[in-house]
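According to our numbering, the residues represented by the sequence shown are 1 to 366, in order.
Heads up, the beta-carbon is just placed ideally off N, CA and C, and yes, glycines get one too.
Fair warning: this is a prediction, and the values are worked out from it, not measured in the lab.
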Amino acid sequence: MKMEWVARKNVDYDMVRDILKNSTLTNQFTNGGPVVQELENYIRNTFQIDEEKAVIVVSNGSVALHVLAQAISIVENIPISWATQSFTFPPSAQSTLSNARIIDIDEEGGLSLQDLEKQQRECGIDANGIIVTNIFGNCVDIDKYTSWANKDENNNNTPRFLIFDNAATSYTFYKGKNCLNYGNGSTLSFHHTKPFGFGEGGTIIVDKKYEGTIRCLNNFGIGLSPDTYWSRYGNNNKMSDVSAAFILQYLYQHFYEITERHQRLYHYFVNNIAQRNIQSFRLFPSFHNSIITPSCFSLLFHSPPTQELIEDLTRQGIICRQYYHPLRPTKTAMKFYFHILCLPCNMDMEEPHIDKILDIVLSHSP
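In structure tokens, the structure reads:
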């Protein structure tokens, strides 16, 4: 009963060929080809994106984050001092975000606004933009961060900006709405390791006022300014129709099966924790209120998981990971890192796999 980290994702080559038919007829396989447009429309409709948001697919989830942050600064015509959380993946502090201040997380697993305020007092420089990561398909208490960004609650009236990194949280709902719809913008990943991913790709979900700037930046910055042909802020972030076709064929076949399976497994896991009265760990915090599509089962142990437990899981064919290695060794992020164990949740799993995981974990509990 082996449990790999990533499910086996087969290719329907006949479907890929059919999806690429218009690209072949027009001989356009990139630069906003017909399949890229089809994927953007699919995401809007199937992932339930609000009408006031734009959907822009790009080559991967990392550049999605970088170009989104850059575009907000350009459109608003102000420098933005970004802060990101330490318990996340490196792209939120790289490239256009290389100057982002790295803040600790709170006990709910999201960026600590208390630590942000503390650092601002000590450093004397206000962050007017934050990047909050929804971890592993889980959802932070979004209202906490939208309140921070609300200008009416901003004492000095300086605009504040909010981005959600939803790389692994593409179909989890907060207050009846997909997490992708919150903030000035959010990003998701179609990396092969993600529930909806195939190969490589990313998407930006953003307020429409930023759409034109993002599309220019994705095309070397051409058309960004009437004064110059190109821009140093631009890059080639575009997705090809080939990548879009492989992502689409996977979504067309499996989207609803993925959401049903992942939610069913999650609720089975939660119910079994209660039924077995398990006290040795808890699941990573999540404030979703209806739909959750976890990318993995992230267990937070009261005591750090032992090497014996990890070796036992591995020996019995269960791949496990410890994510994320903090970007900076902040107190709460390091505590989470040393106490977390991430286990697979994917399309190759059924309820008996969860029974086996819990049996092994309990056999190592004090």
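Residues near Thr88 in its chain [Cβ-Cβ closer than 7 angstroms; skip 5 each side]: Locating residue 88 in the sequence shown gives position 88, counting from the first residue. So the qualifying residues of the chain are Thr133, Asp165, Tyr324 and Leu327.
Ile183, DSSP secondary structure in three states: By one-based count along the sequence shown, residue 183 stands at place 183. It should be pointed out that residue 183 corresponds to Gly in this sequence rather than to Ile. Gly183: coil per DSSP, three-state reduction.
Contact belief for Phe301 with Ser286 at Cβ below 8 angstroms, rounded distance in angstroms: Here residue 301 refers to the residue found at position 301 when the sequence shown is read from its first residue. Here residue 286 refers to the residue found at position 286 when the sequence shown is read from its first residue. In fact, because the Cβ distance is near 17 angstroms, the residues do not count as touching under 8 angstroms.
Length of the line joining the Cα atoms of Arg30 and Asn150: As a first step, residue 30 must be located in the sequence shown, where it is residue number 30. As a first step, residue 150 must be located in the sequence shown, where it is residue number 150. It should be pointed out that residue 30 corresponds to Thr in this sequence rather than to Arg. In a straight line, the C-alpha of Thr30 is about 38 angstroms away from that of Asn150.
Backbone CA spacing between His254 and Thr187 [nearest angstrom]: Translated into the one-based positions of the sequence shown, residue 254 becomes position 254. Translated into the one-based positions of the sequence shown, residue 187 becomes position 187. Those two C-alpha atoms are separated by around 21 angstroms.
Spatial distance of Pro79 from Arg101 (CA atoms): Numbered from 1 along the sequence shown, position 79 holds the residue referred to as residue 79. Numbered from 1 along the sequence shown, position 101 holds the residue referred to as residue 101. Taking the straight line joining both Cα atoms gives about 14 angstroms.
At least 3 beta-carbon pairs within less than 8 angstroms: the segment 189-202 vs the segment 218-226: no
contact_flag[the segment 269-276, the segment 241-256] where n(CB pairs < 8 angstroms) is 3 or more: no
Inter-residue spacing [alpha-carbon to alpha-carbon] between Ser231 and Lys53: For the purposes of this step, residue 231 is taken as the residue at position 231 of the sequence shown. For the purposes of this step, residue 53 is taken as the residue at position 53 of the sequence shown. Computed Cα separation, rounded: 25 angstroms.
Other residues of its chain near Val140: CB distance less than 7 angstroms, five sequence neighbours each side excluded: Along the sequence shown, one-based indexing puts residue 140 at 140. Answer for Val140: Glu108, Gly109, Gly110, Val132, Asn134 and Phe287, listed in chain order.
Boundaries of the alpha helix (DSSP H) in which Gly124 is found, first to last residue: Here residue 124 corresponds to residue number 124 of the sequence shown, with the count starting at 1. Premise fails: Gly124 is in no alpha helix (DSSP H) and is neither H nor E.
Close-in-space but distant-in-sequence residues of the same chain around Asp104 (CB under 7 angstroms, 5 per side omitted): Position 104 of the sequence shown, counted from the start, is the residue given in the question as residue 104. Here the set comprises Ser86, Ser112, Asp115, Thr330, Lys331, Thr332 and Ala333.
For Ala83, the first and last residue of its enclosing alpha helix (DSSP H): Here residue 83 corresponds to residue number 83 of the sequence shown, with the count starting at 1. Element bounds for Ala83: not the alpha helix (DSSP H) but the beta strand (DSSP E), Trp82 to Gln85.
Environment of Phe338 [buried if 16+ CB atoms lie within 10 Å]: Stepping through the sequence shown from its first residue, residue 338 is reached at position 338. With fewer than 16 Cβ atoms within 10 Å of its Cβ, Phe338 is classed as exposed.
Unbroken alpha helix (DSSP H) run spanning Thr314, endpoints: Residue 314 sits at position 314 when you count from the first residue of the sequence shown. Gln307 to Arg315 is the span of the alpha helix (DSSP H), which, as asked, contains Thr314.
Reference Arg8; option with closest CA among Tyr250, Ser363 and Thr314: In the sequence shown, the residue the question calls residue 8 occupies position 8. Here the closest residue by C-alpha is Tyr250.
First through last residue of the alpha helix (DSSP H) which encompasses Ile357: What you label residue 357 is simply residue 357 of the sequence shown in a count that begins at 1. Counting along the chain, the alpha helix (DSSP H) containing Ile357 begins and ends at Glu351 to Ser363.
The ligand GDP heavy atom lying under 8 angstroms from the CB of Asn181: The ligand GDP is not part of the structure shown, which contains no ligands of any sort.
Cut-off 8 angstroms between Cβ atoms - residues of its own chain near Leu309, not counting five sequence neighbours on either side: Within the sequence shown, the letter at position 309 stands for residue 309. These residues qualify, in order along the chain: Leu341, Ile360, Val361 and His364.
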